[in-house]
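Going down the list, the sequences are from chains X and P.
Plus 16 on top of the position in the first sequence (first one is 1) and you've got the working numbering.
Plus 7 on top of the position in the second sequence (first one is 1) and you've got the working numbering.
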Amino acid sequence: MAIALEANNINKYFMTPEKFHALKGISFKINQGEFVSITGKSGCGKSTMLYILSTMDTDYEGSLQLNNQTITGQKQNHLAAFRNEHIGFIFQFHYLLPDFSCLKNVMIPALRLGRLSREEIEHNAYEKLKLLDVGGQALKAASRISGGQQQRVAIARALINEPSIIMGDEPTGNLDSRNTAVVFDMFRKLASGYNKTIIAVTHDNDFAHKSDRIIEMMDGKIIAQ
Amino acid sequence: MKIGINTEIAFTYLVSRRKQTIVAALGVTFGISMFIFMNALITGTNEYSEDTMLNTTPHIRLYHDNELSNGRMLNRFAGNKTINLISNPQLVPGDNRIVNPDAVTSLLKQRNDVTALSQQVSANVIYSNSSVQENGNIFGVNILEQNKMFDIASTIMAGSLKSLSENANAIIIGAGLAQRLNLSKGDYIKVTASNGASKSLQVVGIFKTTIKSIDNTKTYCNIPIVQQLLQKDRAYITDIYINVKDYYNAPAIGKSIEQLTGYTAEAWQSSNEQSLAGKKIRDIIANSVVITILIVAGFGIYNILNMVIYEKIKEIAILKATGFQGAHVVGIFIRQAMLIGFIGAMAGLAFGWLISWTVSKMYIGLGNVTYLPIAFHVKHYIQGGLFGMATAFFAGYIPAVKASKVDPVQIIRG
Ligand SMILES: Nc1ncnc2c1ncn2[C@@H]1O[C@H](COP(=O)(O)OP(=O)(O)OP(=O)(O)O)[C@@H](O)[C@H]1O
Ligand SMILES: [Mg+2]
Chain X
17 MAIALEANNI NKYFMTPEKF HALKGISFKI NQGEFVSITG KSGCGKSTML YILSTMDTDY
77 EGSLQLNNQT ITGQKQNHLA AFRNEHIGFI FQFHYLLPDF SCLKNVMIPA LRLGRLSREE
137 IEHNAYEKLK LLDVGGQALK AASRISGGQQ QRVAIARALI NEPSIIMGDE PTGNLDSRNT
197 AVVFDMFRKL ASGYNKTIIA VTHDNDFAHK SDRIIEMMDG KIIAQ
Chain P
8 MKIGINTEIA FTYLVSRRKQ TIVAALGVTF GISMFIFMNA LITGTNEYSE DTMLNTTPHI
68 RLYHDNELSN GRMLNRFAGN KTINLISNPQ LVPGDNRIVN PDAVTSLLKQ RNDVTALSQQ
128 VSANVIYSNS SVQENGNIFG VNILEQNKMF DIASTIMAGS LKSLSENANA IIIGAGLAQR
188 LNLSKGDYIK VTASNGASKS LQVVGIFKTT IKSIDNTKTY CNIPIVQQLL QKDRAYITDI
248 YINVKDYYNA PAIGKSIEQL TGYTAEAWQS SNEQSLAGKK IRDIIANSVV ITILIVAGFG
308 IYNILNMVIY EKIKEIAILK ATGFQGAHVV GIFIRQAMLI GFIGAMAGLA FGWLISWTVS
368 KMYIGLGNVT YLPIAFHVKH YIQGGLFGMA TAFFAGYIPA VKASKVDPVQ IIRG
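Here's what the structure looks like:
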């Protein structure tokens, strides 16, 4: 089976306010099409690790490979292009662009990629929003919808370029049980049906146990996988 | 498509902060309208003073200058057996005549950079009517030829140029002289040269250039009159006035005419250095004012963009997280600056035109300046637009580069 992600002895230090060893020798592999949950207490380093895995944070020791490409040591522009095409990231605090409509927010990464025409992108964006039950909010400004709706728009944005790896930092943290189920089913289908790799940080035990694998962290280390 | 999304984001940011956009654009508007107005005024003034100069000075004046004595005659007399040196050579006052002026004129006519030629001979004279006397210069000219150069016809108040060419003993005088000697058309005026020769001439025309020194002293008559006053022959011509196509190039053309004819050619620029210095000073003043204003406008754009970037730093981080590269972020903010510059510059061009037009209608009425001389040149408007955009570009570049260096993780972590 092809490997989607391989982390090798990753160490991360924060220098301010004092030197702090946030990730301590993290190593693991994730296969393509796997749906993995990452759990652990607040402050154990889940977000920190996800930022490294998503190529945004380049300030670490160790090595990282995604889709059999070495990520460690690549230039920022190369990494940005890689993220645009291969990674969908759902932030812990969803982060939409408030000046744009929900639809535009979803479309922007695809417009950047420029693989499809504007009409096709708009159509796809609508479809994604409808799947997540926020089709009705498409033309509202992103700052004028509820937190849960914002989170679902952010998920739609992460999926718009059909990335091979989807990473979520508590992607369902703001959702009720019905919408959590919708998102879970969506991830399930993407993993099993379309061979996408899902890596989701979650505090939701139910969610974690229904996924393929749980990686449990504590104090910057993996204690079970 | 790639251009599309950057422009779209830039435009959305502009529209969502309408007030700041307008303030920043107004800075550019002010700068560009000043640029247009200053240029219109300065160019108008320059053109006006150039016109004034060229109304009395030909592009090139060809004359026979006094020569420094040389060893040519000595060599001919003493031969080559000795080396002949003249210590302390002196200027030899010559006849100042142009030998065979018609040949010189027809030689010059063959050049295709020459547009008009006029032979002339002038003399210092005393004008008198009964017992009142005035000093002045009388110019013996072919009035119709000279009119092609200086448009004398447009300054004629009474009589006509044609009657001078038809009447051998006629004279055209300035309005100032006519008033001082109480002369009107049809009256006779006595003209006396320094050698005592005198003539009585009939006034057939009166001109008014509004330049006092000319209206009070200058008169035109036919060439033979001056030759007779100077007691010279019919071939005595001292000056050939030459107008050329490209009069900014007059010094160079003058040089080549000097080589062609052997006489001295004086370009209008060298006889009007004073005025040209004035032009240079005006240009410098205008440019420094305009540059100052544009710099201020540039700082306006710089400030606004810095503010936008400070406010949008989270969104920049998100854009970078979702795959925007540094150059794309630069592109977004440069476009924003250029849009501000474009809006501001367009408004500035319109406003600048309006100011220029309004001022050109202001009555001054001093001497020969009735309305402020204002020039309307397309060139200035193109330059103004380009300057506005360039200012916006440079003002936007620094903040844009700063924005492109945002580290997404640092911002997203908070
Ligand atoms: N910018 C930073 N500077 C210094 N220390 C940091 C920084 N960001 C995080 N940390 C520390 O690193 C550790 C891991 O933080 P991280 O955000 O990864 O936790 P987490 O597992 O995502 O927690 P949560 O479940 O609450 O989101 C924490 O102890 C935190 O204090
Ligand atoms: Mg976290």
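Yeah, the Cβ is synthetic: ideal placement off N, Cα and C, and Gly gets one too.
| Measuring CB to CB, does Ile178 of chain P end up less than 9 Å from Gln209 of chain P? | Contact flag set, yes.
| Val408 of chain P at chain X interface by Cβ criterion, 9 Å | no
| request: Classify Pro187 of chain X as buried or exposed, calling it buried when 16 or more other Cβ atoms lie within 10 Å of its own Cβ. | output: buried
| query | Listing by chain order, which chain P residues have their CB less than 7 Å from the CB of Gln92 of chain X? | reply | Gly333
| Which residues in the same chain as Ser23 of chain P place their Cβ atom closer than 8 Å to its Cβ, once the five residues preceding and following it in sequence are excluded? | none
| query | Along the region 309-329 of chain P, what residues have a CB closer than 9 Å to any CB found in chain X? | reply | Lys319, Lys321, Glu322, Ala324, Ile325, Leu326, Lys327, Ala328 and Thr329
| Rounded separation between Gly403 of chain P and Gln153 of chain P - CA only | 57 Å
| message | Once DSSP output is grouped into helix, strand and coil, what is the label at Leu69 of chain X? | response | Three-state result, Leu69 of chain X: helix.
| Who are Ile26 of chain X's beta bridge partners in DSSP? | X:Ile42
| task | Tell whether a beta-carbon distance below 9 Å holds between Ala141 of chain X and Leu155 of chain X. | result | no
| field | Beta-bridge pairing of Asn294 of chain P - partner residues as DSSP gives them | value | The partner list for Asn294 of chain P (beta bridge, DSSP) is empty, contrary to what the question assumes.
| Taking the DSSP output, what are the residues bridged to Gln85 of chain X? | Paired residues: X:Leu82.
| task | Check whether the region 115-129 of chain X touches the region 339-353 of chain P, taking contact to mean three or more Cβ pairs, one atom from each stretch, closer than 8 Å. | result | no
| said: I want to see whether chain P comes within less than 9 Å of Met72 of chain X, judged by CB atoms only; does it? | reply: yes
| request: State yes or no: is the beta carbon of Met8 of chain P nearer than 9 Å to at least one beta carbon in chain X? | output: In this prediction, Met8 of chain P has a pLDDT of 41, which is less than 50 and means its spatial position is unreliable; what the coordinates show is noted afterwards. Yes, its Cβ sits closer than 9 Å to a Cβ of chain X.
| message | Taking CB distances under 9 Å as the criterion, tell me whether Ile298 of chain P reaches chain C. | response | No chain C appears in this structure, whose protein chains are X and P.
| query | Relative to ligand 2, is the shortest distance from any of its heavy atoms to the C-beta of Asp235 of chain X smaller than 8 Å? | reply | Asp235 of chain X: no, Cβ never under 8 Å from ligand 2.
| Out of X:Gly89, X:Gly49 and X:Ile171, which has the shortest C-alpha to C-alpha gap to Lys144 of chain X? | Closest in alpha carbon position to Lys144 of chain X, among X:Gly89, X:Gly49 and X:Ile171, is X:Ile171.
| query | Taking C-beta to C-beta, are Val35 of chain P and Gly333 of chain P nearer than 9 Å? | reply | no
| request: With DSSP as the reference, label His225 of chain X as helix, strand or coil. | output: helix
| query | Mind pulling the alpha helix (DSSP H) runs of 4 or more residues that sit fully within the region 60-143 of chain P? | reply | 79-85 and 108-116
| field | Contact test: Arg58 of chain X Cβ vs ligand 1 heavy atom, cutoff 8 Å | value | Here the sequence assigns Ser to residue 58 of chain X, which means Arg is not the residue at that position. Yes, since a heavy atom of ligand 1 falls inside the 8 Å radius drawn around the Cβ of Ser58 of chain X.
| said: With a threshold of 9 Å between beta-carbons, can Ile16 of chain P be considered close to chain X, or not? | reply: yes
| Stretch-stretch touch, CB-based, cutoff 8 Å, three pairs: the region 54-66 of chain X with the region 34-41 of chain X | Yes, they touch.
| Residues that Asp113 of chain X contacts on chain P, provided the C-beta gap is smaller than 7 Å | It should be pointed out that residue 113 of chain X corresponds to Leu in this sequence rather than to Asp. Within 7 Å Cβ-Cβ: Glu322 and Ile325.
| task | Mind checking the region 23-46 of chain X against chain P and listing, in chain order, the residues whose C-beta falls within less than 8 Å of any C-beta there? | result | If the cut-off is 8 Å between Cβ atoms, the region 23-46 of chain X has nothing near chain P.
| query | Among the residues of its own chain, which have a CB less than 7 Å from the CB of Leu356 of chain P, if the five just before and after it don't count? | reply | Ile39, Ile43, Tyr388, Gly391 and Gly392
| query | Between Ile12 of chain P and Glu138 of chain X, what straight-line distance do the alpha-carbon atoms span, to the nearest angstrom? | reply | 13 Å
| request: Measure the C-alpha to C-alpha separation of Gly189 of chain X and Lys412 of chain P and round it to an integer number of angstroms. | output: 31 Å
| query | What residue range is occupied by the uninterrupted alpha helix (DSSP H) comprising Asn154 of chain P? | reply | Counting along the chain, the unbroken alpha helix (DSSP H) around Asn154 of chain P starts and ends at Ile150 to Phe157.
| field | Glu143 of chain X Cβ short of 8 Å to ligand 1 heavy atom set | value | no
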